[in-house]
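All remarks here apply to the structure that follows.
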Amino acid sequence: GGKPAANASLVGGETEALKKLKNFAAECQAKPANKDGKKENIYGANFSCKISPWLAVGCLSPRYIFDEVKKTV
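Every letter in the sequence shown is one number past the one before it in the numbering used here, and letter 30, counting from 1, is 30.
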């Protein structure tokens with residue numbers, strides 16, 4: 001199998017956080033809309049954008065994330 005999460009390494013800092021956010025925003029934009037034309041299908045019980053480590057230590061602000069994702073949907 002894969003490595004346990006404890007052995008995973010994260011690169012810190014704003015530059016890496018912005019890369020992760022850019023990738024997440026691109027994923028949001030690439031998701032097809034549902035029959036109502038909404039892209040809500042990216043959310044759900046198992047949803048995670050994987051940027052919480054950078055958010056938690058202040059590399060990204062919640063407002064900045066919101067603004068960037070809003071541009072793509």
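Think of the CB as a built atom: it goes at the ideal place given N, C-alpha and C, for glycine as much as any other residue.
Same chain only: Cβ atoms within 6 Å of residue i, ignoring 5 sequence neighbours per side
{"i": "Gln29", "result": "Thr72"}
{"i": "Trp54", "result": "Ala17 and Leu60"}
Whether residue i touches residue j by CB criterion (8 Å)
{"i": "Val69", "j": "Ala26", "result": "no"}
Reduced DSSP category for residue i - H, G, I as helix; E, B as strand; rest coil
{"i": "Ile51", "result": "coil"}
{"i": "Lys20", "result": "helix"}
{"i": "Lys31", "result": "coil"}
{"i": "Gly1", "result": "With a pLDDT of 49 at Gly1, under the threshold of 50, the predicted position of this residue should be treated as unreliable, though the coordinate-derived value follows. Three-state DSSP puts Gly1 in coil, outside helix and strand."}
{"i": "Val57", "result": "coil"}
{"i": "Val69", "result": "helix"}
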